[in-house]
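*Asks:* Sending over a structure as structure tokens; questions will come in a sec.
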Amino acid sequence: KAGVTQTPRYLIKTRGQQVTLSCSPISGHRSVSWYQQTPGQGLQFLFEYFSETQRNKGNFPGRFSGRQFSNSRSEMNVSTLELGDSALYLCASTSGYEQYFGPGTRLTVT
Amino acid sequence: AQSVTQPDIHITVSEGASLELRCNYSYGATPYLFWYVQSPGQGLQLLLKYFSGDTLVQGIKGFEAEFKRSQSSFNLRKPSVHWSDAAEYFCAVGAPGTASKLTFGTGTRLQVTL
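Protein chains in written order, with this note's numbering: chain A, -14 to 95; chain B, 845 to 958.
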């Protein structure tokens, strides 16, 4: 089985812009979670989608949003980018109680 | 709220030496517990997990972890470290039924000297 794929792998954006990241889960997995990883805050849970519905949400501002499509692919969007949004964004798909992580998207905001 | 503490930010061991990485959690009941490893520029790979039952769990790459309820700990061990084990290790906790929303510790960076 192919693993979790994330596109793009690297992204450079300017403050105030918006960005959309994509995640394709492992085939058959219906749950997709997103995490933000920064040196200062570590790994923080953003949200989880299951069957196109947001099932859990972390403590992030409304600028961070996501969605899931009928094929379980998920996107997350960050609007009005701030310098502090620079991070590695990790997507994970879940089977049972095991999460499988993708390689991440490295977002740099300048 | 659940939380995870990894008290060691950085550990250096010699190749062939044994390893123990510490993890303490805070949760009202018995949570689901996980150890992940992350190599530079990579995502996270699941090493092992504990849900219930036998408190000593075996994982991939020769790792094992022991759940100790009395100490709220879930320490990761390996009898003999290989240079390829150099990476960052994260302990994580998930509430039963919501293991897709994990709370991670701050990580322990392992350096292996030859």
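Cβ atoms here follow ideal geometry from the backbone N, Cα and C, with glycine treated the same way.
1. Residues of chain B with a CB under 8 Å from the CB of Phe54 of chain A: which are they?
2. Kindly say whether Gln886 of chain B, judged by its beta-carbon, lies nearer than 8 Å to any beta-carbon of chain A.
3. So is Thr950 of chain B in contact with chain A if we call contact Cβ pairs under 8 Å?
4. So, using beta-carbon positions, are Val17 of chain A and Glu33 of chain A closer together than 8 Å?
5. What is the residue span of the beta strand (DSSP E) that Ala936 of chain B lies within?
6. Where Thr856 of chain B and Arg913 of chain B are concerned, what is the direct C-alpha to C-alpha distance, given to the nearest angstrom?
7. Rounded to whole angstroms, how far is the Cβ of Glu60 of chain A from the Cβ of Thr5 of chain A, which I believe are closer than 8 Å?
8. Taking only beta-carbon positions, decide if Gly27 of chain A is within less than 8 Å of chain B.
9. Within 8 Å (strictly less), CB to CB, does Glu37 of chain A reach chain B?
10. Please confirm whether Asn919 of chain B and Glu859 of chain B have their CB atoms less than 8 Å apart.
*Replies:* Taking the definition as stated:
1. To locate residue 54 of chain A, count along the first sequence from 1; it is residue 69. Chain B residues near Phe54 of chain A: none, gap ~18 Å exceeds 8 Å.
2. Taking the first residue of the second sequence as position 1, residue 886 of chain B is located at position 42. Cβ-Cβ to chain A under 8 Å: yes for Gln886 of chain B.
3. The residue given as residue 950 of chain B occupies position 106 in the second sequence. Yes, Thr950 of chain B counts as interfacial toward chain A.
4. Position 32 of the first sequence, counted from the start, is the residue given in the question as residue 17 of chain A. Position 48 of the first sequence, counted from the start, is the residue given in the question as residue 33 of chain A. Contact: yes.
5. One-based indexing of the second sequence puts residue 936 of chain B at position 92. 931 to 938 is the extent of the beta strand (DSSP E) around Ala936 of chain B.
6. For the purposes of this step, residue 856 of chain B is identified with residue 12 of the second sequence, where counting begins at 1. For the purposes of this step, residue 913 of chain B is identified with residue 69 of the second sequence, where counting begins at 1. The alpha-carbon atoms of Thr856 of chain B and Arg913 of chain B are separated by roughly 28 Å.
7. Counting from one through the first sequence, the residue named residue 60 of chain A turns up at place 75. Counting from one through the first sequence, the residue named residue 5 of chain A turns up at place 20. About 6 Å; that satisfies the 8 Å criterion.
8. The count along the first sequence starts at 1 and reaches residue 27 of chain A at position 42. It does: the Cβ of Gly27 of chain A has a partner Cβ on chain B nearer than 8 Å.
9. Against the first sequence, residue 37 of chain A aligns to sequence position 52. So, not an interface residue.
10. One-based indexing of the second sequence puts residue 919 of chain B at position 75. One-based indexing of the second sequence puts residue 859 of chain B at position 15. Cβ atoms of Asn919 of chain B and Glu859 of chain B: not closer than 8 Å.
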